[in-house]
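Peer 1: With the UniProt record's numbering as the guide, the letters of the sequence shown map in order to residues 1 to 746.
All residues carry an ideal CB built from backbone N, CA and C; glycine is no exception.
Take a look at this one; I'll ask things after.
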Amino acid sequence: MATVNQSSNVSSDRRPIALRLRPDLVIEVSNYQGEDSWVVKDPVALKYFQLREPEYFASQMLDGDTSAVEIRDALEAEFPELKITTETIHFLVNSLHKNGLLISDLPGQSEPLKQRRNKELKQKATQLLMSVMSIRFPGVDPEPFLNWLYPKVRFLFWPSTTLACVLLMVSATVLVLSNLNEFYSKLPEFGQFFNVRNMLFMGAIMIVTKSIHELGHGLMCKHFGGECHEIGFMLLVMTPAMYCNTSDSWLLPNKWHRIAIGAAGMYVEMVIAAVATFVWWHTHPGWLHYLALNTIFLCSVSTIVFNLNPLLRYDGYYMLSDYLEIPNLAQKSKTSMVNWLRVACLGMKPVQHRSLPKRRKWAFAAYSVASFFYRWFVMLMIFWFLIQIFEPYGLSVVAHAMIVMSLVGMIVIPMFKLTKFFLYPGRLREVKKLRLFISATLVAGLAAFLFSVPVSRNVTASFVLRPVDADQVFVVEPGKISELMKSPGETVSKGETIAILESDKLELEAEQLKGDLARETAVLATLKLANRERAGIGRQIAETSARIAKIRGRMEVQSRKESQLKLVAARDGQIIEAPNVAAPPANEFGAPLQRWSGTPLDPQNRNAFLEASTLFCIVGDPNQMQAMLVVDESDIKLVDVGQKVQLMLDEFPGERFEGEVINVSRDSLSELPRELSITNGGKVAVEPNQNGGESPLLTSYEVFVSLHGDHRHLLTGFRGNAKIEVSSLPLGQQLVRYVQTVINFR
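Right, dumping it as structure tokens:
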């Protein structure tokens, strides 16, 4: 029986392989890590493959008439140092055929090709569904356009032009570093910069800058003799962007040319950012000023975080891959890591695959681990960013949907593949039970450690400084400042008038009511003098009297409103200025909008019109300050009286103040201090309330903290971030809470 099987195998190996290499493939010789290799380009699918010398030699023998034995014998004669079997030949042939590099003249090829195509489309659809953070759409062939454009911009690639651009970037960097504090002070707050209106503005700028970025790749590829056959549109974190396929650079023999092609887009963006830096620095607030600021952010910060980082599959990754001369660096690193886990954790035999590295396997595994954790870090930051953008506008459901779909792609699908791996027939017999037991014990021990050993933790919150037991004097009835009875720093008694407002609207309404009352009173007097026997006179008198009573009622309401124009102190204390109101932004022509700024007590604000709910001043003791923290509902149960607090003020960057929790409110906060609102540069998302003020969008609570040490230099209205030292919790549970906070599933 064994003889029959062996004869069958031999006859199969000696039978001609009915496959041949496609004649339309483009093949170029290259050198990677000191070894000759061949880069194969599929001009139809625009895919690229690398063949080592023995693989290329074998592929050239595939003509439809050569058997596996003949190819093996020829390889052994050409490469005597290699141990080659017919199984190796069949594996290579299957790999080449699977990648579409081989064709057959035998009938019945359409159905397998159709099945392969359907499988690829299904995989692409699944990837598209699970990759909502990066959706890539089919592109177009820009080669005719690049052929027309390149001669007109060839001067941009001259060495002298490159040197001038580098000097420009260095000058912009020196400008920022030498004026770092002033530069930082001019930057807007997070809530001002990342709001819906500005995000739309940034989206428009990104379309332009990223289009130029991708053209930079294409033109650089054209400069070194390559081709670019695909450029298209994509959505990166719901932001429009472009992509450019310059895989044709793999045909270039010089690796530095390939690296230059990978860096071209970032180079172009950094030049744009340098120009925008000078424009932003030398312009006043206006549309050009903010256009330059958005351009700086998009062309520098986002480029460094995403494009330059080799741990993400963007420009930096391909540059590193070219520098190391290792195509498919991520896939090889992942395969190397998985292979190590198979051997170390399961005791299985290592997989022998052509894509596995032969040297420095530990470095590939380390790269795979670093890439994995950094990718998770970036995704968590993206999740947090999406929540911050969508939540203030009641669209958190959109962010949550995107997060869920991303997590399915990052967790569910890998777990499904892992389950499928173990359920493969005969797989468990390959696993060494002792090695599996040791690995499972170590994992369980690590999990037990993470979820049992307590580690200190903090609760973070925004805060604003207020005098202890202070009375906040708000404008109830809108009006102009007519008379200031008290100045900042003066002492005031309870019930004493601080300022008087006047309202043209109320004065006009009062005059109208007086006129209406006089008219109706005269009508009533006339009716009373008339003949009481006249029909209907009694009914007219009653109606007129009712109108007079209604007018008098309106006059009483009017009188109460007028009395509210007088701002009085509700306690004894000292007049403390309200927090400064920032100057209004410039309009599109660069001129500031007409609105008061500073504080209502400032001399220049005499006759300024104050809306209802405006904080006019504070009455209290300026030497007795406390911090009012706004704590999220998910954290309030962790906070208790007596806990230590560290406070970092925006006005004193780098300096820490100590304090202690003295009171925790059990009632949710209904009115948020204006300084903490995202609409005023704070960090708390808000929504309008029925009183004309703003309430936290998420349920929040007040926590009051007393300050330790000398804080006489601190002023009311100063704001910042606080860290409350709460009870310890195991690191694993802290991580779970952190992810829940970032993703914000409620």
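From the DSSP secondary-structure annotation, give me the bridge partner or partners of Trp-38.
Peer 2: Residue numbering aside, residue 38 sits at position 38 when the sequence shown is read from its first letter. Its beta-bridge partners are Val-29 and Leu-51.
Peer 1: Would you call the CB atoms of Val-581 and Ser-597 closer than 7 Å?
Peer 2: For this step, residue 581 is matched to residue 581 along the sequence shown. For this step, residue 597 is matched to residue 597 along the sequence shown. Yes. Within cutoff.
Peer 1: Kindly list the residues whose CB is nearer than 8 Å to the CB of Lys-432, restricted to its own chain and excluding five residues on each side of it in sequence; keep chain order.
Peer 2: Numbered from its first residue, the sequence shown carries residue 432 at position 432. Answer for Lys-432: Leu-346, Gly-347 and Met-348, listed in chain order.
Peer 1: Work out the CA separation of Ser-493 and Thr-716 for me, nearest whole Å.
Peer 2: Counted from its first residue, the sequence shown places residue 716 at position 716. Counted from its first residue, the sequence shown places residue 493 at position 493. Each residue's alpha carbon lies about 20 Å from the other.
Peer 1: Should Lys-119 be flagged as near chain B, meaning a C-beta pair shorter than 7 Å?
Peer 2: The structure shown contains no chain B; it holds only a single protein chain.
Peer 1: Evaluate Lys-332 with the Cβ neighbour count: other Cβ atoms within 10 Å of its Cβ, from every protein chain shown; 16 or more gives buried, anything less gives exposed.
Peer 2: Here residue 332 corresponds to residue number 332 of the sequence shown, with the count starting at 1. It counts as buried.
Peer 1: Given a threshold of 16 other Cβ atoms within 10 Å of its Cβ, counted over all protein chains shown, does Glu-588 qualify as buried or as exposed?
Peer 2: The residue labelled residue 588 in the question sits at position 588 within the sequence shown. Only weak support is given to the placement of Glu-588: the predicted model assigns it a pLDDT of 43, under 50, and the value that follows is read from those uncertain coordinates. Answer is exposed; the Cβ neighbour count stays below 16.
Peer 1: Along the beta strand (DSSP E) that carries Gln-624, what are the first and last residues, could you check?
Peer 2: Looking up residue 624 in the sequence shown gives position 624. Run containing Gln-624: none; DSSP gives neither H nor E here.
Peer 1: In chain order, what residues of the same chain have a beta carbon less than 6 Å from the beta carbon of Phe-190, not counting five sequence neighbours either side?
Peer 2: For the purposes of this step, residue 190 is taken as the residue at position 190 of the sequence shown. At Phe-190, the pLDDT of 43 sits below 50, so the modelled position is not reliable and the matter cannot be decided from this model.
Peer 1: Comparing alpha-carbon positions, which option in Glu-633, Glu-675 and Gln-624 lies nearest Leu-649?
Peer 2: Translated into positions along the sequence shown, residue 649 becomes position 649. Cα-wise, what sits closest to Leu-649 is Glu-675.
Peer 1: So Leu-527 and Ile-537 are supposed to be a Cβ contact under 8 Å. How far apart are they, rounded?
Peer 2: If you number the sequence shown from 1, residue 527 lands on position 527. If you number the sequence shown from 1, residue 537 lands on position 537. Yes, they are in contact, since the Cβ atoms of Leu-527 and Ile-537 sit about 6 Å apart, within 8 Å.
Peer 1: May I have the straight-line CA-CA distance separating residue 759 from Gly-553, to the nearest angstrom?
Peer 2: Nothing can be reported for residue 759: it is not among the residues displayed for the chain, which extend from 1 to 746.
Peer 1: Looking at C-alpha atoms only, which residue of Gln-574, Ser-59 and Asp-635 is the closest neighbour of Glu-490?
Peer 2: Here the question's residue 490 lines up with position 490 in the sequence shown. Ranking Gln-574, Ser-59 and Asp-635 by Cα distance to Glu-490 puts Gln-574 first.
Peer 1: Indicate whether the contact test is met: 3 or more Cβ pairs, each with one atom in the stretch 723-734 and one in the stretch 451-471, closer than 8 Å.
Peer 2: yes
Peer 1: On a CA-only basis, which of Leu-506, Leu-697, Gln-733 and Val-343 is nearest Glu-477? Give me that one, please.
Peer 2: Sequence index remark: in the sequence shown, residue 477 carries index 477 (1-based). Selected option, being the one with the closest Cα: Leu-506.
Peer 1: Which word fits Asp-667, buried or exposed, when buried means at least 16 other C-beta atoms lie within 10 angstroms of its C-beta?
Peer 2: To locate residue 667, count along the sequence shown from 1; it is residue 667. That one is exposed.
Peer 1: Should the stretch 170-182 be regarded as contacting the stretch 275-282, the criterion being three or more beta carbon pairs within less than 8 Å?
Peer 2: yes
Peer 1: Under 8 Å by Cβ, that's how I've got Gly-64 and Asp-105 pegged, so tell me the actual separation to the nearest angstrom.
Peer 2: Taking the sequence shown and counting its residues from 1, one reaches residue 64 at position 64. Taking the sequence shown and counting its residues from 1, one reaches residue 105 at position 105. The pair is a contact, with the Cβ atoms about 7 Å apart (cut-off 8 Å).
Peer 1: Do residue 748 and Thr-246 have their C-beta atoms closer together than 7 Å?
Peer 2: This structure gives no information on residue 748, because the portion of the chain shown stretches from 1 to 746.
Peer 1: Cutting at 7 Å between CB atoms, please list the residues of its own chain near Tyr-267, excluding the five before and the five after it.
Peer 2: Residue 267 sits at position 267 when you count from the first residue of the sequence shown. The residues are Gly-216.
Peer 1: Just reading off the alpha helix (DSSP H) that Thr-521 is part of, what are its end residues?
Peer 2: Here residue 521 corresponds to residue number 521 of the sequence shown, with the count starting at 1. Counting along the chain, the unbroken alpha helix (DSSP H) around Thr-521 starts and ends at 504-529.
Peer 1: Using DSSP bridges, identify the partner residues of Pro-16.
Peer 2: Along the sequence shown, read from residue 1 onward, the residue named residue 16 stands at position 16. Ser-67, per the DSSP bridge assignment.
Peer 1: Please classify Cys-228: does DSSP put it in a helix, a strand, or coil?
Peer 2: Looking up residue 228 in the sequence shown gives position 228. Cys-228: coil per DSSP, three-state reduction.
Peer 1: To the nearest angstrom, how far is it from the Cα of Glu-577 to the Cα of Asn-663?
Peer 2: Position 577 of the sequence shown, counting from 1, holds the residue named residue 577. Position 663 of the sequence shown, counting from 1, holds the residue named residue 663. Whole-angstrom Cα-Cα distance: 25 Å.
Peer 1: Just to confirm my understanding: we take Val-641, look at its own chain, exclude 5 residues before and 5 after, and list those with CB closer than 8 Å. What are they?
Peer 2: As a position in the sequence shown, residue 641 is number 641, starting the count at 1. So the qualifying residues of the chain are Val-661, Ile-662, Asn-663 and Val-664.
Peer 1: DSSP puts Tyr-374 in a beta bridge; with which residues?
Peer 2: What you label residue 374 is simply residue 374 of the sequence shown in a count that begins at 1. DSSP output for Tyr-374 lists no bridge partner at all.
Peer 1: Does the Cβ of Ser-368 have 16 or more other Cβ atoms within 10 Å, making it buried, or fewer, making it exposed?
Peer 2: Translated into positions along the sequence shown, residue 368 becomes position 368. Answer is buried; the Cβ neighbour count reaches 16.
Peer 1: Here's the rule I'm using: 16 or more other beta-carbon atoms within 10 Å means buried, otherwise exposed. How should Thr-699 be labelled?
Peer 2: Within the sequence shown, numbered from 1, the residue matching residue 699 stands at position 699. So Thr-699 counts as exposed.
Peer 1: For the beta strand (DSSP E) holding residue 754, just list the boundary residues, first then last.
Peer 2: A query on residue 754 cannot be resolved here, the shown segment of the chain reaching from 1 to 746 and no further.
Peer 1: Under 6 Å from any heavy atom of the ligand PLP, does the C-beta of Ile-382 make it?
Peer 2: Within the structure as shown, the ligand PLP is missing, as the structure has no ligands at all.
Peer 1: Does the beta-carbon of Ser-371 have 16 or more other beta-carbons within 10 angstroms, so that it is buried, or is it exposed?
Peer 2: By 1-based counting over the sequence shown, the position of residue 371 is 371. Label assigned to Ser-371: buried.
Peer 1: Pull up the CB-CB distance for Ile-17 and Ala-68, whole angstroms please, since I reckon it's below 8 Å.
Peer 2: Position 17 of the sequence shown, counted from the start, is the residue given in the question as residue 17. Position 68 of the sequence shown, counted from the start, is the residue given in the question as residue 68. Confirmed, about 6 Å.
Peer 1: Does the separation of the CB atoms of Leu-615 and Phe-474 fall below 7 Å?
Peer 2: Here residue 615 corresponds to residue number 615 of the sequence shown, with the count starting at 1. Here residue 474 corresponds to residue number 474 of the sequence shown, with the count starting at 1. Taking 7 Å as the Cβ cut-off, Leu-615 and Phe-474 qualify as a contacting pair.
Peer 1: Starting from Ser-160, trace the alpha helix (DSSP H) in both directions and tell me its first and last residue.
Peer 2: The sequence position of residue 160 within the sequence shown is 160, counting from 1. From DSSP, the alpha helix (DSSP H) with Ser-160 extends over 159-178.
Peer 1: Pull up the distance between the alpha-carbon of Ala-74 and that of Thr-85, whole angstroms please.
Peer 2: As a working mapping, residue 74 is identified with position 74 in the sequence shown. As a working mapping, residue 85 is identified with position 85 in the sequence shown. Roughly 12 Å separates the two Cα atoms.
Peer 1: When the distance is taken between beta carbons, is Ser-300 closer than 7 Å to Ala-273?
Peer 2: The count along the sequence shown starts at 1 and reaches residue 273 at position 273. The count along the sequence shown starts at 1 and reaches residue 300 at position 300. Cβ distance < 7 Å, so Ala-273 and Ser-300 count as in contact.
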